[in-house]
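Worksheet: one structure, shown below.
Protein chains: 4
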Amino acid sequence: MRTPAARGKKREEEILDAAAAVFAERGYHGASTGDIAARLGIRQGSVYYYFRSKEQALERVCLAGVQGFVERIEAIAAADPPLSEGLREVVTGHVGAIVARRDSVIVFLRERRHVPRARRRRINTHARRYERALEIMLARAVTRGEARADVDCRMTALHLIGMCNAAAVWLGREPDAPLERIVATLLRLVLDGVAKPVKRKSP
Amino acid sequence: MRTPAARGKKREEEILDAAAAVFAERGYHGASTGDIAARLGIRQGSVYYYFRSKEQALERVCLAGVQGFVERIEAIAAADPPLSEGLREVVTGHVGAIVARRDSVIVFLRERRHVPRARRRRINTHARRYERALEIMLARAVTRGEARADVDCRMTALHLIGMCNAAAVWLGREPDAPLERIVATLLRLVLDGVAKPVKRKSP
Amino acid sequence: MRTPAARGKKREEEILDAAAAVFAERGYHGASTGDIAARLGIRQGSVYYYFRSKEQALERVCLAGVQGFVERIEAIAAADPPLSEGLREVVTGHVGAIVARRDSVIVFLRERRHVPRARRRRINTHARRYERALEIMLARAVTRGEARADVDCRMTALHLIGMCNAAAVWLGREPDAPLERIVATLLRLVLDGVAKPVKRKSP
Amino acid sequence: MRTPAARGKKREEEILDAAAAVFAERGYHGASTGDIAARLGIRQGSVYYYFRSKEQALERVCLAGVQGFVERIEAIAAADPPLSEGLREVVTGHVGAIVARRDSVIVFLRERRHVPRARRRRINTHARRYERALEIMLARAVTRGEARADVDCRMTALHLIGMCNAAAVWLGREPDAPLERIVATLLRLVLDGVAKPVKRKSP
DNA sequence: AATGAATGAGTATTCATTCAT
DNA sequence: GATGAATGAATACTCATTCAT
Numbered sequence: 000m001r002t003p004a005a006r007g008k009k010r011e012e013e014i015l016d017a018a019a020a021v022f023a024e025r026g027y028h029g030a031s032t033g034d035i036a037a038r039l040g041i042r043q044g045s046v047y048y049y050f051r052s053k054e055q056a057l058e059r060v061c062l063a064g065v066q067g068f069v070e071r072i073e074a075i076a077a078a079d080p081p082l083s084e085g086l087r088e089v090v091t092g093h094v095g096a097i098v099a100r101r102d103s104v105i106v107f108l109r110e111r112r113h114v115p116r117a118r119r120r121r122i123n124t125h126a127r128r129y130e131r132a133l134e135i136m137l138a139r140a141v142t143r144g145e146a147r148a149d150v151d152c153r154m155t156a157l158h159l160i161g162m163c164n165a166a167a168v169w170l171g172r173e174p175d176a177p178l179e180r181i182v183a184t185l186l187r188l189v190l191d192g193v194a195k196p197v198k199r200k201s202p
Numbered sequence: 000m001r002t003p004a005a006r007g008k009k010r011e012e013e014i015l016d017a018a019a020a021v022f023a024e025r026g027y028h029g030a031s032t033g034d035i036a037a038r039l040g041i042r043q044g045s046v047y048y049y050f051r052s053k054e055q056a057l058e059r060v061c062l063a064g065v066q067g068f069v070e071r072i073e074a075i076a077a078a079d080p081p082l083s084e085g086l087r088e089v090v091t092g093h094v095g096a097i098v099a100r101r102d103s104v105i106v107f108l109r110e111r112r113h114v115p116r117a118r119r120r121r122i123n124t125h126a127r128r129y130e131r132a133l134e135i136m137l138a139r140a141v142t143r144g145e146a147r148a149d150v151d152c153r154m155t156a157l158h159l160i161g162m163c164n165a166a167a168v169w170l171g172r173e174p175d176a177p178l179e180r181i182v183a184t185l186l187r188l189v190l191d192g193v194a195k196p197v198k199r200k201s202p
Numbered sequence: 000m001r002t003p004a005a006r007g008k009k010r011e012e013e014i015l016d017a018a019a020a021v022f023a024e025r026g027y028h029g030a031s032t033g034d035i036a037a038r039l040g041i042r043q044g045s046v047y048y049y050f051r052s053k054e055q056a057l058e059r060v061c062l063a064g065v066q067g068f069v070e071r072i073e074a075i076a077a078a079d080p081p082l083s084e085g086l087r088e089v090v091t092g093h094v095g096a097i098v099a100r101r102d103s104v105i106v107f108l109r110e111r112r113h114v115p116r117a118r119r120r121r122i123n124t125h126a127r128r129y130e131r132a133l134e135i136m137l138a139r140a141v142t143r144g145e146a147r148a149d150v151d152c153r154m155t156a157l158h159l160i161g162m163c164n165a166a167a168v169w170l171g172r173e174p175d176a177p178l179e180r181i182v183a184t185l186l187r188l189v190l191d192g193v194a195k196p197v198k199r200k201s202p
Numbered sequence: 000m001r002t003p004a005a006r007g008k009k010r011e012e013e014i015l016d017a018a019a020a021v022f023a024e025r026g027y028h029g030a031s032t033g034d035i036a037a038r039l040g041i042r043q044g045s046v047y048y049y050f051r052s053k054e055q056a057l058e059r060v061c062l063a064g065v066q067g068f069v070e071r072i073e074a075i076a077a078a079d080p081p082l083s084e085g086l087r088e089v090v091t092g093h094v095g096a097i098v099a100r101r102d103s104v105i106v107f108l109r110e111r112r113h114v115p116r117a118r119r120r121r122i123n124t125h126a127r128r129y130e131r132a133l134e135i136m137l138a139r140a141v142t143r144g145e146a147r148a149d150v151d152c153r154m155t156a157l158h159l160i161g162m163c164n165a166a167a168v169w170l171g172r173e174p175d176a177p178l179e180r181i182v183a184t185l186l187r188l189v190l191d192g193v194a195k196p197v198k199r200k201s202p
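Residue numbers (numbering that gives the first Met the number 0), protein chains in the order written: chain A, 0 to 202; chain B, 0 to 202; chain C, 0 to 202; chain D, 0 to 202.
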């Protein structure tokens, strides 16, 4: 038996999940509040019992989508592990989160621009802190001699994040792509590249 | 003096450019035919002189967005250059196209899912052929010994394309990111990775 | 300690006061049951504990608004005072009532037309009896020679009531208009007019 | 045969007339855009071809309602006629305007408070200038010795206007009240009052 | 005495689309 | 090549009302 409070919280999450699913599938403007209601088995107007406006629902879904990303990467950075291990954790966490709550993450990635300016800033802050943290991880690896000295940390961070996010798109469609394999391929690519190393310094 | 036909062609392109810009900025469902008209300085209903429906406009913009991608990569593949050179050409072409006609490419990337099923297939074919061509280029490089034997060609191709496309998003925002630098960084990352190579086979 | 019945009465009045205030401020259709609830610190649905429908609330507020008017003027008329005294009492009572329960009187004046036909008749009866009583007071004054013989009693009654009601509108806004001054000015106007009397019958 | 421009203007006026009628009958919030459309024989959404929002329609109707009042009274004041003549012109003009465009005047009187603050100020300015002009006319009459020295000009002006406006309410309902009679009664009331003058200063 | 969760009907507004001119 | 005037359908949002608890 649930307490009323617990039921309320639960229901609220259900509503946000439905909104996330619908926004992810049809896009913010392509989705109607009726679509959300239909997914919940309630009437159109009833969704307004849970959010003030469609826009607010979008904002909440976006926040649910970024939630945890910054915390995770900053925790990893704080532990200051060797580069390869650090990247493994970051990429595993990132792609793992996409797998775990794909809808809200996709909505964050693709639809956050429809959140009105003022409130969007808060959401974008997360994204920027994430990029920055990864950039710094790379810079530290360069300093320590784990990464090549000529790596452009900022741009590499952006490329890396771009790859992870792109995975969100084809994750479901590619049949033979389990999480581990995606992560492994991605890491190998980022760490060592695809080119066969030429033997160097051999007499 | 232009012939009416020539003038018509030009105007038609202007209309598609306007549609591309508006769809890129607000998304397909977030953009109205009135927005397109406003950008052209004509009235709402007048856009129907140029396209049968908003959906058709989207389709055309998407086709304009993919246009050339497949041709380019297949031409490169046909020339069968060494891996590093081939990738340079592919990435330069890809990112270059994004820079050159950003709006329509972005619309292709983000909005093509709103083209109705039947007509979407044709558009998606381009994407699939592109992926496939890159995959094969990589596979050939493996065979030839230019790339490591354990490279997952399919997934690496998808990651690479994902990175290029992600660049479309931050291209305008990042101040210090000229085309050459983006391409250079990306290529270096893909070919050699970020990790400092350990000396091998040295006695 | 109050009996439950007494507490109930009190609370019921509070609810009607809240409804009156909200209807007066925003108009019947511009006010929501939620506005009434907010003013009481309770939830939307809870107001239905006190009235069956918004319409019924309006009706009650209107009745509270007219309440006393007819009784007062008929009592004055029954006493049959001289014209100037009678008018003083009528006007003082009228404007005084507006000052004392402005909200419900304003709602009666402006919103009673939104009470459905059938139930509105009862409310309108009050208004008509009031007009009639004043008209008769004037007619008696004419008969008695207190008022000019050519006074149009019906219309003058309506004008007089119109003036009193109009005062309800600017009562709050005009800074230097205390009840006594309003009443005095109004009476002087109605009794003697503004024109300086020409000396008559002087040889 | 009308020019297209003329037809456009005409139609626009028809739409505003319809809005005025509907707002006057049911009140701003009680009237729906569908009601306006129905009165015009067009569909609900089509009214938005003529105004941006219901609120804007209200504003326009209010402006149409006050239009001319200030100009008229200021023209009269400029001519500086004797009091009784001046008042006759003012009252005739005022009540005449109410008779001529009753709907929009009533909407101005009763519904202008629903125009949002900022834009309401402009509308209220008209009302204030009107009051002020009448107040000054009375003050001049006092100075000239046409009106009693103890007349409270501000308040009398407000009472007078209140009476005229109140007439708008019962104009249609009272069967035996033609414009001339209303005006005559009102003027007599205001100038001379109802009380039979006592003979003064006669030896 | 009140609430939380809904409903269902309405309502302002937007918008793709049409078509006579 | 374009416009003005509409339409009709969708759609976000409001709100009076109900009712189990």
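Positions of the beta carbon are idealized from the N, C-alpha and C atoms, including for glycine.
Cutting at 6 angstroms between CB atoms, please list the residues of its own chain near residue i, excluding the five before and the five after it.
{"i": "K195/A", "result": "none"}
{"i": "A132/D", "result": "I72, E73, A76"}
{"i": "S103/B", "result": "A19, V60, A63, G64"}
{"i": "A5/C", "result": "Since pLDDT at A5/C reaches only 42, below the 50 mark, its modelled position is unreliable, and the value read off the structure follows with that caveat. No residues qualify anywhere along the chain."}
{"i": "D191/C", "result": "none"}
Alpha carbon to alpha carbon, how far is residue i from residue j?
{"i": "V46/D", "j": "D16/A", "result": "38 angstroms"}
{"i": "H93/B", "j": "F68/B", "result": "7 angstroms"}
{"i": "V114/D", "j": "R116/B", "result": "48 angstroms"}
{"i": "R172/B", "j": "L157/A", "result": "12 angstroms"}
{"i": "N164/A", "j": "A138/B", "result": "24 angstroms"}
{"i": "R204/D", "j": "V193/C", "result": "With chain D covering 0 to 202 only, the question about residue 204/D has no answer from this structure."}
{"i": "Q43/B", "j": "R51/D", "result": "16 angstroms"}
{"i": "R143/B", "j": "A78/B", "result": "15 angstroms"}
{"i": "E54/A", "j": "A99/C", "result": "45 angstroms"}
Tell me whether the beta-carbon of residue i lies closer than 8 angstroms to the beta-carbon of residue j.
{"i": "D151/B", "j": "T184/A", "result": "yes"}
{"i": "G95/C", "j": "G161/D", "result": "no"}
{"i": "E130/A", "j": "G26/A", "result": "no"}
{"i": "I97/C", "j": "A166/C", "result": "yes"}
{"i": "V189/B", "j": "L188/A", "result": "yes"}
{"i": "E24/D", "j": "Y49/D", "result": "no"}
{"i": "H28/C", "j": "G29/D", "result": "yes"}
{"i": "V21/D", "j": "I35/D", "result": "yes"}
{"i": "L39/D", "j": "E70/D", "result": "no"}
{"i": "P81/B", "j": "E179/B", "result": "no"}
Could you tell me the boundaries of the alpha helix (DSSP H) in which residue i lies?
{"i": "F66/A", "result": "Sequence inspection shows Gln at residue 66/A; the Phe mentioned does not correspond to that position. Per DSSP, Q66/A belongs to no alpha helix (DSSP H) and is neither H nor E."}
{"i": "H113/B", "result": "Careful: H113/B lies outside any alpha helix (DSSP H) and carries neither H nor E."}
{"i": "V89/C", "result": "82-99"}
{"i": "L159/D", "result": "152-169"}
{"i": "G144/B", "result": "From DSSP, G144/B is part of no alpha helix (DSSP H); its letter is neither H nor E."}
{"i": "D191/B", "result": "178-191"}
{"i": "G33/B", "result": "32-39"}
Closer than 8 angstroms by C-beta to residue i: which residues in its own chain qualify, once you throw out the five before and the five after it? Chain order, please.
{"i": "V141/D", "result": "R147, A148, V150, C152"}
{"i": "V106/C", "result": "A19, F22, A23, Y27, L57, V60, C61, G64"}
Please return the same chain residues whose Cβ sits closer than 7 angstroms to the Cβ of residue i, not counting the five positions on each side in sequence.
{"i": "L186/B", "result": "L86, R87, V90"}
{"i": "R118/D", "result": "E58"}
{"i": "I135/B", "result": "A76"}
{"i": "R128/D", "result": "V69"}
{"i": "S83/D", "result": "L190"}
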